[in-house]
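Below: one structure, written as structure tokens.
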Amino acid sequence: DGGITQSPKYLFRKEGQNVTLSCEQNLNHDAMYWYRQDPGQGLRLIYYSQIVNDFQKGDIAEGYSVSREKKESFPLTVTSAQKNPTAFYLCASSIGGQGALEAFFGQGTRLTVV
Amino acid sequence: AQKITQTQPGMFVQEKEAVTLDCTYDTSDPSYGLFWYKQPSSGEMIFLIYQGSYDQQNATEGRYSLNFQKARKSANLVISASQLGDSAMYFCAMREGMGSNYQLIWGAGTKLIIKP
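Residue numbers (the numbering used here), protein chains in the order written: chain A, 885 to 998; chain B, 466 to 581.
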């Protein structure tokens, strides 16, 4: 089955630690995105990538980093510079640009700082 | 300023009734698109329906329809004959911008609970 797989589903981070969230898709989509979701708020874009080896900052990129070495994979690293990382993180992909066609989402990773 | 406003934080609806979820938007871009997504408790976002700013007719997808009132800048989602499985968070989102650098702007969501 084609889709987007995010792992892990739950992740706990200690203060000052970097953690990496995985996102893999087998839909052959060019574009991939990372969103952050906080309670009572809509999604906010962290980073997006239109093609391999290229990515752009979204609205809240500070404290995060990404790579796009393969079309299928777009991992997100939450660095120690991100002061409030506790949130729900969603990865998505689409054929075209961010809003050109529907996006397909993974099931999310819930990150908690302990 | 909020570009996408969903004024209903939560709604309770009796099973089999129709439900309307409100969404108003603000943009000066003549070309834009409006999306509705459903987020069940499992967490993933599921695309429901899309309306382009130049589309002449309201979009429909099965039990979902979009009541698009351009002059009022509203794009309400209508779910006919609601089912228990419709209980979820619902998000309205707007695409604005041109070229390959579209931006999606999301509302805060409405939590819909269908009562048996």
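All C-beta atoms, glycine included, are put in the ideal place defined by N, C-alpha and C.
| Item | Value |
| --- | --- |
| Under 7 angstroms by beta carbon: chain B residues contacting A:PHE958 | Those do not exist, as A:PHE958 stays about 16 angstroms from chain B at its closest Cβ, beyond 7 angstroms. |
| Spatial distance of A:CYS975 from A:GLY990 (CA atoms) | 6 angstroms |
| Where B:GLU561 falls, given that 16 or more other Cβ within 10 Å makes a residue buried | buried |
| Boundaries (first-last residue) of the beta strand (DSSP E) holding A:ALA915 | 915-921 |
| Three-state secondary structure assigned by DSSP to B:GLY550 | helix |
| A:SER957 vs A:GLU899 beta-carbon contact at 8 angstroms | no |
| CB contact flag (B:LYS468, B:MET559, <8 angstroms) | yes |
| Collapsed DSSP secondary structure at B:THR510 in the structure displayed | Here residue 510 of chain B turns out to be Met, not Thr, going by the sequence shown. Reduced to three states, the DSSP call for B:MET510 is coil. |
| Neighbour flag for A:ALA945 against chain B, beta carbons, 8 angstroms | no |
| Chain B contact for A:ALA987 (CB, 8 angstroms cutoff) | yes |
| Minimum length 3: unbroken beta strand (DSSP E) runs contained in the stretch 492-536 of chain B | 497-504, 511-517, 529-534 |
| Under 8 angstroms by beta carbon: chain B residues contacting A:GLY926 | ILE469, PHE556, ALA558, ILE570, TRP571, GLY572, ALA573, GLY574 |
| Classification of B:LYS503 by the beta-carbon crowding that lies within 10 angstroms, buried from 16 upward | buried |
| Residue range of the unbroken beta strand (DSSP E) whose run includes A:SER906 | 903-909 |
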